[in-house]
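Notes follow the structure.
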Amino acid sequence: MNLHIEIDRLRRKSEAAWEQFDYEKSADFLRRAHQLAPRDPRLLLDLGLQSGLRYDYAPAADYFEKAIRLAGWQTAAYAAAGLHCLNFSQPLMARDYFARALKKNPDAVEILVPMARIYERVGQLDEAEEMATRAAGQAPENKTARRLQALVLRRRNRLIEAEAILRTVADRPDADFWAAAQIWYELGFNLDGQARYDDAMAAFCQAKQIMLPAMEKDYAQQKRRQNQVLLDAATVTGEMLQRFHTDGAHLQSPGRIAFLSGHPRSGTTLLEQVLDAHPGVVSLEETNLFNADVFGPLTGGNPELDQLAWFEKIPAAKLPPARKNYMALAEKFLGQPVGNRLVIDKNPSLTIRFPAIAKVFPEAKFMVALRDPRDVCLSCFMQAQRPGAVTSAYLTVERTVNEYASVLGFWLAIRDRMVAPWLEVRYEDMVADLESVARRTLGFLELSWDDRVLAFNQHAKGKIVRSPTYADVGRPIYKTSQGRWHHYQKYLEPHLATLKPFAEAFGYE
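Quick note on numbering that gives the first Met the number 0: the sequence shown kicks off at 0 and runs consecutively.
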């Protein structure tokens, strides 16, 4: 047996099993590969990554420590462990590995850059600036280091300095299209902050042009998903949802749960942080628990499947273990028992999963965050989001508007058929009168009033926020994001007719 060929075969099998949501089989293939090559640190790093993605952080750390030891405490091994920690959203765990690496190699750009990212993410801007500046000193043309320098300066409102840094590298070629695009995204936000709106739009469009050629296959996949969403919207009936509710009445409650969704950039994070400040609430942030551990396994991980039709046929016997597994993983992620608190699962991707959620959790309540569709689309278009199928829908204004219409069109189609209780919460209403909206939402959730929800920003400062809007949640309520689309109206003008029905339906006309 050729050892390298067998290990590669087992790794491919592990990846295939993971994609089919068979996590234990995936880990088993990696463990078998590790038995064949017990001194290969890469396999231990992979096992650590898998453990972390399953919220098993202590075993992940054990695997990483063994890998680092086998690798002879090399900087690259520390860096790999740290990056894996970032992949499963544990920045403080990652910071420890990077800090240990810097003690061995203080000038390692591959360590300084992610350290700067982490410090910026947790709001330690002095440390972030120091790390980014050191990285840029070692590698002046490193676009990620330069972007982080500029990002910290922008957060400190030193826009002219930040722009100058970005201009030094923006036009230089780079084989890493994502790093190149991020420079232009950051420049766009910088110019927007300077009220140079046409220049900002030009920068955003340049970022999109860099990304478009590499993401056409992703968009083809996303178009198929949009078409399926349209079919699902027509397929879901009130009778179906009533049946889900009735059939699930006998299920033993795993705990209290509510789902918060909407469309990205609609105020889901603001509402989540307000509610999470209540002592009777615990939020799962923006985990992918339902998709990865309920929907995916129950549908077999087939992306081409008519998943709603398949989901309707799921045997009732499969629901109790799925519910129990979901809550067990929620507690693993949280690192604490839920007890009698209300669990809030916030994730904008769940809007199109509402019927499936209603089948698995017929006792759940649903909240939909709303915001002026024009502001939502502009914000999604401007946001720098990692390459992927969903994010490929934001590479042109037209695609962005169509994605919004797909997701919110689905909600409009099913909301009057919903049997489970639901509540729409408008971002603009929260900004205008937070207490009134908070009282109404807590009443809907059957929670008593607590003044701490009004100090949500203080509560948020003591935690790691997984949302892309992490930099904003520590601020008090602000109004500068309302009506922002007017600055870019001429770019949105060709698509306003598509958004008009949604603006009317949600009270924005």
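For glycine and all other residues, C-beta sits at the position ideal for the given N, C-alpha and C.
Exercise for review: Taking only runs that begin and end inside the stretch 179 to 257, name each unbroken alpha helix (DSSP H) of 4 or more residues, in chain order.
Suggested key: Within the stretch 179 to 257, the complete alpha helix (DSSP H) segments of 4 residues or longer fall at 196 to 210, 215 to 234, 237 to 246, listed in chain order.
Point to revise | Bridge partners - Leu259, DSSP secondary structure assignment | key: For this step, residue 259 is matched to residue 260 along the sequence shown. Lys345, Met366, per the DSSP bridge assignment.
Exercise for review: Compute the distance between the beta-carbons of Gly295 and Trp309, then report whether it is under 9 angstroms.
Suggested key: As a working mapping, residue 295 is identified with position 296 in the sequence shown. As a working mapping, residue 309 is identified with position 310 in the sequence shown. Not in contact: Gly295 and Trp309 (Cβ atoms no closer than 9 angstroms).
Practice item. State the Cα-Cα distance for the pair Leu186 and Arg195, rounded to the nearest angstrom. Key: Along the sequence shown, read from residue 1 onward, the residue named residue 186 stands at position 187. Along the sequence shown, read from residue 1 onward, the residue named residue 195 stands at position 196. Rounded to the nearest whole angstrom, the C-alpha separation of Leu186 and Arg195 is 11 angstroms.
Check your understanding: Quick one: Cα of Lys216 to Cα of Leu453, how far?
Key -> Walking along the sequence shown from the start, residue 216 turns up at place 217. Walking along the sequence shown from the start, residue 453 turns up at place 454. Roughly 44 angstroms between the two C-alpha positions.
Review point. Where Asp275 and Ile182 are concerned, what is the direct C-alpha to C-alpha distance, given to the nearest angstrom?
Key: For this step, residue 275 is matched to residue 276 along the sequence shown. For this step, residue 182 is matched to residue 183 along the sequence shown. Going by the C-alpha atoms only, they are around 34 angstroms apart.
Practice item. Please classify Glu126: does DSSP put it in a helix, a strand, or coil? Key: Your numbering for residue 126 matches position 127 in the sequence shown. Of the three classes helix, strand and coil, the one that applies to Glu126 here is helix, per DSSP.
Practice item. Could you work out which residue in Thr497, Cys84, Val389, Arg451 is closest to His277 when comparing CA atoms only? Key: Indexing the sequence shown from 1 puts residue 277 at position 278. Minimum Cα distance to His277 is reached at Arg451.
Check your understanding: What's the C-alpha gap between Ala179 and Gln49?
Key -> Counting from one through the sequence shown, the residue named residue 179 turns up at place 180. Counting from one through the sequence shown, the residue named residue 49 turns up at place 50. Per the coordinates, the alpha-carbon of Ala179 lies some 29 angstroms from the alpha-carbon of Gln49.
**Study point:** In DSSP terms, what Trp448 is bridged to
**Key:** If you number the sequence shown from 1, residue 448 lands on position 449. Answer by DSSP bridge pairing: none, since Trp448 is not bridged.
Exercise for review: Please name the residue, chosen from Gly122, Gly71, Ala291, that lies closest to Ala352 on a Cα-to-Cα basis.
Suggested key: Looking up residue 352 in the sequence shown gives position 353. Residue identity check: residue 352 is Arg in the sequence provided, not Ala. The shortest C-alpha separation from Arg352 is found at Ala291.
Check your understanding: Could you give the uninterrupted runs of the beta strand (DSSP E) lying entirely in the stretch 303 to 327, keeping only those of 3 residues or more?
Key -> Counting whole runs of 3 or more residues, the stretch 303 to 327 contains no beta strand (DSSP E) stretch at all.
Check your understanding: Could you give the uninterrupted runs of the alpha helix (DSSP H) lying entirely in the stretch 78 to 158, keeping only those of 4 residues or more?
Key -> Runs of the alpha helix (DSSP H) inside the stretch 78 to 158: 90 to 103, 108 to 120, 124 to 137, 142 to 154.
Check your understanding: Since Leu422 sits in a beta bridge, which residues does DSSP pair it with?
Key -> For the purposes of this step, residue 422 is taken as residue 423 along the sequence shown, with counting starting at 1. Bridge partners of Leu422: Met366.
Review point. Do Val389 and Glu402 come within 9 angstroms of each other at the CB atom, strictly closer than that value?
Key: Mapped onto the sequence shown, residue 402 falls at position 403. Mapped onto the sequence shown, residue 389 falls at position 390. A contact, by the Cβ cut-off of 9 angstroms.
Point to revise | Own chain residues within Cβ distance below 7 angstroms of Thr399, not counting five before or after | key: One-based indexing of the sequence shown puts residue 399 at position 400. Non-local C-beta neighbours of Thr399 in its own chain, meaning closer than 7 angstroms and more than five positions away in sequence, comprise Cys376, Cys379, Phe380, Ala392, Tyr393, ordered along the chain.
Review point. Would the stretch 223 to 231 and the stretch 333 to 343 be scored as touching if the rule is three or more Cβ pairs under 8 angstroms?
Key: By the C-beta criterion, the stretch 223 to 231 is judged not to be in contact with the stretch 333 to 343, since fewer than 3 inter-stretch pairs fall below 8 angstroms.
Check your understanding: Ordered along the chain, which non-local residues of its own chain (more than five positions away) have a Cβ less than 8 angstroms from that of Tyr62?
Key -> The residue you call residue 62 lines up with position 63 of the sequence shown. Here the set comprises Leu43, Leu44, Leu46, Gly47, Ser50.
Practice item. Determine contact between the stretch 52 to 60 and the stretch 252 to 267, defined as no fewer than three beta-carbon pairs at a distance below 8 angstroms. Key: At 8 angstroms Cβ cutoff, the stretches do not touch.
Review point. If you check the beta carbons only, do Phe20 and Leu52 fall under 9 angstroms apart?
Key: Indexing the sequence shown from 1 puts residue 20 at position 21. Indexing the sequence shown from 1 puts residue 52 at position 53. Not in contact: Phe20 and Leu52 (Cβ atoms no closer than 9 angstroms).
Check your understanding: If Leu69 sits next to Arg38, beta carbons under 8 angstroms apart, how far is it from one beta carbon to the other, in whole angstroms?
Key -> As a working mapping, residue 69 is identified with position 70 in the sequence shown. As a working mapping, residue 38 is identified with position 39 in the sequence shown. Sure, about 6 angstroms apart at Cβ, within 8 angstroms.
Exercise for review: Please list, in chain order, all residues of the same chain as Ala32 whose beta carbon is under 7 angstroms from its beta carbon, the five residues on each side excluded.
Suggested key: Taking the first residue of the sequence shown as 1, we reach residue 32 at position 33. The beta carbon of Ala32 lies closer than 7 angstroms to those of Ile6, Leu9, Arg10, Leu42 in the same chain, with the five residues before and after it left out.
Check your understanding: How would you call Asp106, buried or exposed, if buried means at least 16 neighbouring beta carbons within 10 angstroms?
Key -> Locating residue 106 in the sequence shown gives position 107, where the first residue counts as 1. With fewer than 16 Cβ atoms within 10 Å of its Cβ, Asp106 is classed as exposed.
**Study point:** Helix, strand or coil at Val280 [DSSP, three-state]
**Key:** Within the sequence shown, the letter at position 281 stands for residue 280. Residue state, collapsed to three classes: strand.
Exercise for review: For Gln89, I'd like the list of residues in its chain whose CB is within less than 7 angstroms of its CB, leaving aside the five on either flank, ordered along the chain.
Suggested key: By one-based count along the sequence shown, residue 89 stands at place 90. By the criterion of a C-beta distance shorter than 7 angstroms, Gln89 is surrounded in its chain by Gly51, Tyr56, once the five residues flanking it on both sides are discounted.
Practice item. Kindly list the residues whose CB is nearer than 6 angstroms to the CB of Gln205, restricted to its own chain and excluding five residues on each side of it in sequence; keep chain order. Key: Taking the first residue of the sequence shown as position 1, residue 205 is located at position 206. The residues are Trp183.
Review point. Hey, out of Leu270, Thr286, Ala149, whose CA is closest to Asp432's CA?
Key: Here the question's residue 432 lines up with position 433 in the sequence shown. Nearest C-alpha to Asp432: Leu270.
Review point. Cβ of Arg340 within 9 angstroms of Cβ of Leu498?
Key: In the sequence shown, counting from the first residue as 1, residue 340 sits at position 341. In the sequence shown, counting from the first residue as 1, residue 498 sits at position 499. No, the pair does not count as a contact, with Cβ atoms beyond the cut-off.
Review point. Helix, strand or coil: how does DSSP classify Gln335 here?
Key: Translated into positions along the sequence shown, residue 335 becomes position 336. Three-state result, Gln335: coil.
Review point. CA-CA distance, Ser435 and Met429?
Key: By 1-based counting over the sequence shown, the position of residue 435 is 436. By 1-based counting over the sequence shown, the position of residue 429 is 430. In this structure, the alpha-carbon of Ser435 lies about 8 angstroms from that of Met429.
Practice item. Mark Ile159 as exposed unless 16 or more other C-beta atoms lie within 10 angstroms of its C-beta, in which case mark it buried. Key: Numbered from its first residue, the sequence shown carries residue 159 at position 160. Counting Cβ neighbours within 10 Å, Ile159 comes out exposed, since fewer than 16 surround it.
Point to revise | Local conformation of Arg38 per DSSP, three classes | key: Here residue 38 refers to the residue found at position 39 when the sequence shown is read from its first residue. The answer is coil: DSSP assigns Arg38 none of H, G, I, E or B.
Point to revise | Reference Asn456, options Gln272, Val424, Asp27, Ala321, closest by Cα | key: Numbered from its first residue, the sequence shown carries residue 456 at position 457. Just measuring C-alpha positions, the residue of Gln272, Val424, Asp27, Ala321 sitting nearest Asn456 is Gln272.
Exercise for review: Answer with buried or exposed for Arg94, where buried requires no fewer than 16 other C-beta atoms within 10 angstroms of its C-beta.
Suggested key: Taking the first residue of the sequence shown as 1, we reach residue 94 at position 95. Counting C-beta atoms within 10 angstroms of its own C-beta, Arg94 has 16 or more neighbours from the protein chains shown and is therefore classed as buried.
**Study point:** Beta-carbon contacts of Glu423 that lie in its chain and below 6 angstroms, excluding the five residues immediately before and after
**Key:** By 1-based counting over the sequence shown, the position of residue 423 is 424. A distance below 6 angstroms between beta-carbons, with the five flanking residues on each side excluded, links Glu423 to the following residues of its chain, in chain order: Val367, Leu369.
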